[in-house]
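Numbering (our numbering), first residue to last: 11 to 96. We put the beta carbon where it would ideally sit given N, CA and C, even for glycine. Just below is one structure, and these are the notes that go with it.
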């Protein structure tokens, strides 16, 4: 969902199933990244925008248009949590 579409939603409207699922995935990803980066919001925002070798030199944000992309991106903080290269 684009920021423009989000802004156009009326207060009493609900998200569709797909948008709700993506928002939940995004929330979980951000919480996982915040935990990994010890609550440093600016570090998480920078990480989301920085190309990563493990993601074929793409920034995590570039992959968040599919459920599979969310899974690939969420694996990165998981690897960091266990001291594996990411």
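Query                                                                                       : Result
Three CB pairs or more closer than 8 Å across the region 28–48 and the region 61–69         : no
Cβ shell of residue 91 (< 6 Å), same chain only, five flanking positions each side left out : 46
Status (buried if at least 16 other CB within 10 Å, exposed otherwise) for residue 27       : exposed
Separation of residue 59 from residue 79, as counted between CA atoms                       : 14 Å
Beta-bridge pairing of residue 68 - partner residues as DSSP gives them                     : 62
For residue 93, the three-state DSSP class (helix, strand or coil)                          : coil
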